[in-house]
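Chemist:
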Amino acid sequence: MAQKKNSKTHSKRDGRPAPVEHKNGKRAEAGPGVADGGPRFSMFTWLMVVALLGVWSSVAVFYFDIVDYDRVLARAQEFRMNFSEVLQGKLAAYDTDGDGDFDVEDAKVLLGLTKDGGRSANAESLEEVLNILAEEGSDWIYGFFTFLYDVVSPPAQREKTSKPEVETPTQRAPEPEEDGPGAEETSVPGSQDVESEIQAAVPLPPLDDSHFVPDDPTEPGQRYEEEPGSIDTTGVLVEESQPEETEGESGRYQTSSKLSQEPEADKPPKAEPEPQTGSTRPTESRQAADGAAEKAAEEQKEKVKKKKPKLLNKVDKSIKSEIDAAERLRKKGNLDLALKAFDSLVQQHPLSPRARYGKAQVQDDLAEKLRSNDLLQSAISTYGEAAELPDVTSDLLRVALKRRAERQQFLGRMRGSLATLQKLVDVFPDDVGLRNDLGVAHLLLGDNKGAKKVYEEVLAVAPSNGFAKVHYGFILKAENKIAESIPYLREGLESGEPGTDDGRFYFHLGDALQRVGDDSAYLWYERGHQRGHFASVWQRSLYNVEGLKAQPWWTPQETGYADLVRMLERNWKTIRDEALAVMDRSRGRFLPEEENLREKGEWGQYTLWQQGKRVGNACQGVPKTCALMERFPEATGCKRGQIKFSVMQPGTHVWPHTGPTNCRLRMHLGLVIPASGCRIRCTDQTREWEEGKVLIFDDSFEHEVWQEADSYRLIFIVDVWHPELSQYQRQTLSPI
41 MAQKKNSKTH SKRDGRPAPV EHKNGKRAEA GPGVADGGPR FSMFTWLMVV ALLGVWSSVA
101 VFYFDIVDYD RVLARAQEFR MNFSEVLQGK LAAYDTDGDG DFDVEDAKVL LGLTKDGGRS
161 ANAESLEEVL NILAEEGSDW IYGFFTFLYD VVSPPAQREK TSKPEVETPT QRAPEPEEDG
221 PGAEETSVPG SQDVESEIQA AVPLPPLDDS HFVPDDPTEP GQRYEEEPGS IDTTGVLVEE
281 SQPEETEGES GRYQTSSKLS QEPEADKPPK AEPEPQTGST RPTESRQAAD GAAEKAAEEQ
341 KEKVKKKKPK LLNKVDKSIK SEIDAAERLR KKGNLDLALK AFDSLVQQHP LSPRARYGKA
401 QVQDDLAEKL RSNDLLQSAI STYGEAAELP DVTSDLLRVA LKRRAERQQF LGRMRGSLAT
461 LQKLVDVFPD DVGLRNDLGV AHLLLGDNKG AKKVYEEVLA VAPSNGFAKV HYGFILKAEN
521 KIAESIPYLR EGLESGEPGT DDGRFYFHLG DALQRVGDDS AYLWYERGHQ RGHFASVWQR
581 SLYNVEGLKA QPWWTPQETG YADLVRMLER NWKTIRDEAL AVMDRSRGRF LPEEENLREK
641 GEWGQYTLWQ QGKRVGNACQ GVPKTCALME RFPEATGCKR GQIKFSVMQP GTHVWPHTGP
701 TNCRLRMHLG LVIPASGCRI RCTDQTREWE EGKVLIFDDS FEHEVWQEAD SYRLIFIVDV
761 WHPELSQYQR QTLSPI
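Residue numbers (our numbering): 41 to 776.
1) Which residue spans inside the stretch 537-607 form an unbroken beta strand (DSSP E) run of at least 3?
2) In the DSSP assignment, find the unbroken alpha helix (DSSP H) run with residue 482 in it and report its ends.
3) Mind checking whether residue 10 and residue 552 have CB atoms under 8 Å apart?
4) Check whether the Cβ atoms of residue 647 and residue 684 sit closer than 8 Å, and answer yes or no.
5) In terms of alpha-carbon separation, which member of 677, 750, 371, 622 lies closest to residue 767?
6) Grab me the residues of residue 721's own chain with a C-beta within less than 7 Å of its C-beta, minus the 5 sequence neighbours each way, in chain order.
7) For residue 522, which of 636, 623, 701, 363 has the nearest alpha-carbon?
8) Would residue 474 and residue 468 be called neighbours here (beta carbons separated by less than 8 Å)?
9) Measure the alpha-carbon distance for residue 770 versus residue 760 and round it to whole angstroms.
10) Enumerate in chain order the residues of its own chain whose CB-to-CB distance from residue 195 is below 8 Å, with the five nearest sequence positions on each side excluded.
11) Could you tell me which whole beta strand (DSSP E) segments of length 3 or greater appear in the stretch 673-732?
12) Does the stretch 658-667 come close enough to the stretch 710-720 to have 3 or more Cβ pairs within less than 8 Å?
13) Tell me the DSSP secondary structure of residue 468 in three-state form.
14) Measure how close the beta-carbons of residue 509 and residue 531 come, nearest whole angstrom, since I'm counting them as under 8 Å.
15) Given 8 Å as the limit, is there contact between the stretch 418-433 and the stretch 401-410, that is, 3 or more CB pairs closer than that?
16) Go to residue 639, then tell me how far its beta strand (DSSP E) extends in each direction, as first and last residue.
17) Give the C-beta separation of residue 573 and residue 539 to the nearest angstrom, bearing in mind that I take them to be a contact with Cβ-Cβ under 8 Å.
18) Within the continuous alpha helix (DSSP H) that includes residue 433, where are the two ends?
19) On the three-state DSSP scale, how would you describe residue 743?
20) Can you tell me whether residue 644 is helix, strand or coil according to DSSP?
21) Short of 8 Å in beta carbon distance, which residues of its chain neighbour residue 548, apart from the five on each side in sequence? Order them along the chain.
22) Under a CB-based cut-off of 8 Å, is residue 632 close to chain D?
23) Could you check which residue in 689, 356, 583, 738 has the C-alpha nearest to that of residue 623?
24) Verify whether the separation of the beta carbon atoms of residue 824 and residue 451 is less than 8 Å.
25) What separation, rounded to the nearest whole angstrom, lies between the Cα atoms of residue 701 and residue 670?
26) With a CB to CB cut of under 6 Å and the five nearest residues on each side skipped, what residues in its chain are close to residue 719?
27) How many angstroms separate the CA atom of residue 600 from the CA atom of residue 763?
28) Take residue 634 as the anchor and find which of 527, 550, 564, 520 has the nearest alpha-carbon.
29) Given that a residue counts as buried once 16 or more other Cβ atoms are within 10 Å of its Cβ, and exposed if not, what is residue 411?
30) Please look up how many angstroms separate the CB atoms of residue 356 and residue 394, rounded, as I've assumed it's under 8 Å.
31) Pick out the complete alpha helix (DSSP H) segments inside the stretch 396-449, 4 residues or longer, and give them in chain order.
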């Protein structure tokens with residue numbers, strides 16, 4: 041073994057101390073200052089000395105109270121509790137075993153370990169937990185998790201999970217100097233109520249998840265228009281997401297609803313072949329379409345890069361550094377500081393459009409963060425001010441007014457939005473996209489005539505524009521011009537242009553084809569199902585909650601509403617007599633069906649509850665019936681349904697149609713049923729009513745009605761919540 045040199049004492053020959061024999065037979069070096077033959081100390085001796093010193097030090101510390109152990113332990117316990125509380129607050133979402141906290145068992149699940157030592161499918165969630173631990177500075181726990189994960193995970197999975205890198209200023213991508221239209225036009229999802237059946241050939245309002253509370257129509261000084269049936273700004277329906285179709289106890293009808301999702305703005309549509317009769321599209325075709333779409337997306341991004349928008353005029357360029365600094369604050373989320381910075385710029389340079397536009401953006405961001413309609417209204421005003429300034433660049437004018445129109449629509453100010461879009465079209469008359477947006481604004485106001493004129497102008501200059509075609513066909517169908525609407529709807533969908541892949545267009549094209557006797561309707565329904573708009577060819581509702589049991593016909597026991605069914609059947613004569621009395625006294629209470637569902641005949645309805653609320657003084661005519669129903673909130677509180685009488689005269693036929701939502705079931709109580717000639721079909725099963733008996737079906741599935749008897753048919757319709765909806769969902773779902 042090599043010996044260490046001593047800086048003070050060297051041997052005369054080589055600077056090494058002379059080895060000395062111990063009495064235990066071992067050799068030891070002579071230490072510094074020790075003469076030959078002097079005392080020698082073994083390693084054991086030194087260890088004993090150190091041990092004795094440690095013991096006496098501990099006794100001294102404890103006996104003389106040099107360290108306050110109670111305080112140290114208390115602080116350690118406090119740190120442990122605080123740290124644990126922070127982590128539990130962050131990791132509560134990963135409590136997989138339901139015991140109220142995140143512990144070792146939960147970690148095992150996230151690591152993919154099962155009780156039998158096997159692997160589970162939850163290891164992907166570990167990355168989120170590691171991110172949380174890293175954010176809290178918990179490197180030692182992170183290391184423990186990572187170590188375990190490396191041991192139990194296969195190499196392919198380990199590559200997916202790594203500790204997130206801390207971004208440094210030098211690593212961060214450089215911020216653009218100017219904002220393009222794409223950066224400013226990110227729409228905020230909102231939420232609005234729907235007042236008409238989806239199968240009606242009238243426009244429907246958009247459904248979004250709102251970040252704001254709509255204006256109260258009762259507030260003074262507020263202009264709030266009720267939204268008529270219409271199409272949203274992009275022609276794309278935003279819905280609750282739904283899982284894939286599944287097989288269950290109801291056989292082929294056991295589905296879970298799957299609705300259309302709004303396409304990303306920067307992704308071009310995928311090219312589609314003609315509708316196929318099979319239930320799935322060939323994998324090769326899908327992959328080819330995906331590849332083509334990705335290539336098109338890249339080309340589109342390249343075009344966007346080449347054409348950089350010009351947002352700065354001469355005044356803006358002179359203060360570009362200050363604008364960039366304020367914009368960096370906004371993008372980093374320092375909204376209060378960003379607002380002060382832009383405010384200062386606006387005061388110092390009142391003729392700077394870019395500074396005023398930046399202020400509007402910050403107000404817009406703050407409105408979203410604070411869920412404030414007042415701030416959003418301020419942003420709308422500031423966008424307008426920016427567009428009104430002299431020497432504003434055309435690109436800034438476009439993005440400012442377009443964003444202003446979007447936010448006006450979000451607040452329900454449809455007329456203001458229409459005026460803003462009209463100004464845009466006046467400034468940019470050759471922009472077909474802006475004209476299409478103007479047409480949508482007319483639809484949102486229920487002005488189909490104005491929208492029709494706009495789309496006729498678009499098709500005159502751009503006859504192949506798919507967006508204009510589907511909307512024009514939609515309007516024609518609303519006018520009951522069924523045959524004329526079909527080519528526009530079909531060609532618009534086949535174009536694959538953004539804004540055309542909407543479940544409602546598939547819905548109305550199929551409906552139009554059915555009404556002219558064209559069996560290709562079901563090919564388009566199948567195509568809509570493949571695109572994710574319909575749960576199945578039969579179940580074509582568009583306002584759905586995922587995962588609910590889906591079957592066309594139900595028994596009282598399956599619904600869980602057996603008490604309601606027994607009450608209806610036990611009191612059917614009382615309910616019938618009140619309905620007949622109203623019919624005899626005044627036919628005016630029975631209003632004709634106005635949803636364009638009849639091919640022929642007469643069909644009247646007398647509504648007591650709609651959207652979970654009583655309808656006017658309707659119950660005054662049938663007080664006993666209403667008193668009976670008040671005991672069943674699953675019906676009277678069903679915001680996505682109705683309670684009403686329905687009378688159908690002989691010679692009436694109702695087209696095949698579907699209801700708007702899978703969130704309800706529909707009960708039919710027979711009151712006056714002719715001996716023969718009255719029947720209802722739901723999917724491929726046809727049944728007949730019986731007096732005093734209740735039929736229950738899910739009207740989100742296709743159904744059709746015939747009344748070929750010699751006298752009228754009278755039934756009582758009661759909609760109830762789907763039994764699998766939670767109480768929270770029943771309270772928070774928007775009305776229909």
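The beta-carbon is built from N, C-alpha and C at its ideal position, and this holds for glycine as well.
Modeler: On the basis of the supplied data:
1) none
2) 472-484
3) Any answer about residue 10 is impossible in this case: the structure gives the chain only from 41 up to 776.
4) yes
5) 677
6) 743, 744
7) 636
8) yes
9) 11 Å
10) Any answer about residue 195 is weak, because its pLDDT of 39 lies below 50 and its placement is not dependable; what the coordinates show is given next. If we look at residue 195 and ignore the five residues flanking it on each side, it has no Cβ neighbours.
11) 682-688, 692-697, 704-712, 718-722, 725-727
12) no
13) coil
14) 5 Å
15) yes
16) 638-640
17) At roughly 14 Å, the Cβ-Cβ gap does not stay under 8 Å, so residue 573 and residue 539 are not in contact.
18) Unbroken run through residue 433: none, as it is neither H nor E.
19) strand
20) strand
21) 241, 513, 514, 517, 525, 529
22) Among the protein chains of the structure shown there is no chain D, as only one such chain exists.
23) 689
24) With the chain covering 41 to 776 only, the question about residue 824 has no answer from this structure.
25) 24 Å
26) 726, 728, 746
27) 7 Å
28) 520
29) exposed
30) 4 Å
31) 413-428
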